[in-house]
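Following: one structure in structure tokens, then a few remarks.
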């Protein structure tokens, strides 16, 4: 039995939401898919040939801790923005290598990871210490 990437993606559904990253240069809005459980986090952005400049995926975890990501079956370079308590950016892995199995770790306890198109962080001036505004990572509805 053969599986196509489209068939695999159809098995797992993602809620959609919007978030804002507040930087020294201003506020930057993204349309994101939410990876809230283990199957969604495992699938992530695998097998996708394209990601819009204002799109991304927000991986949310139940409690802060060390997080390690990889690029298994991911076809495009991504920026991985690790988010700590209060929605603060901990560290950013820029332009990650497609299909790499190398571990990409957070620089401390993280509650979430925002994946966006590679080069987005540099283009928008997103840096550690900036704030991600979304109820699941910085507000009363966060999973902290």
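Numbering (the numbering used here), first residue to last: 657 to 800.
Glycine included, each C-beta is placed from N, C-alpha and C at the ideal position.
So which of 677, 669, 710 has the shortest CA-CA distance to residue 791? Nearest option by C-alpha distance: 677.
With DSSP as the reference, identify every bridge partner of residue 678, one or two as the case may be. 683, 787, per the DSSP bridge assignment.
Bridge partner(s) assigned by DSSP for residue 735: Per DSSP, 772.
With respect to the beta strand (DSSP E) encompassing residue 718, which residues constitute its N-terminal and C-terminal limits? Here the beta strand (DSSP E) through residue 718 covers 711 to 721.
Let's test the definition: count the other Cβ atoms within 10 Å of the Cβ of residue 762 and tell me whether it reaches 16, buried, or not, exposed. Buried.
Note down, in chain order, each residue of its chain lying with its Cβ closer than 8 Å to the Cβ of residue 705, except the 5 sequence neighbours on either side. Taken in chain order, the residues that qualify are 731, 732.
Between the stretch 774 to 783 and the stretch 721 to 731, can you find at least three pairs of beta-carbon atoms closer than 8 Å? Proximity of the stretch 721 to 731 to the stretch 774 to 783 falls short of the contact definition, fewer than three beta-carbon pairs being nearer than 8 Å.
What did DSSP end up calling residue 667 once you bin it into helix, strand or coil? Correct three-state label for residue 667: helix.
Taking 9 Å as the threshold (C-beta atoms), are residue 740 and residue 760 in contact? No, the Cβ-Cβ distance between residue 760 and residue 740 is not below 9 Å.
Please report the straight-line C-alpha distance between residue 643 and residue 697, rounded to a whole angstrom. Since the first residue shown for the chain is 657 and the last is 800, residue 643 is missing from the structure and cannot be characterised.
Count the C-beta pairs between the stretch 737 to 756 and the stretch 778 to 788 that are closer than 8 Å, then say yes if the count reaches three, no if not. In short, these stretches touch, since the Cβ pair count reaches three.
Span separating the alpha-carbon of residue 675 from that of residue 689: Their Cα atoms are separated by approximately 10 Å.
If we ignore side chains and look at the alpha-carbon of each, how far apart do residue 735 and residue 749 end up? Looking at the two C-alpha atoms, the distance is approximately 6 Å.
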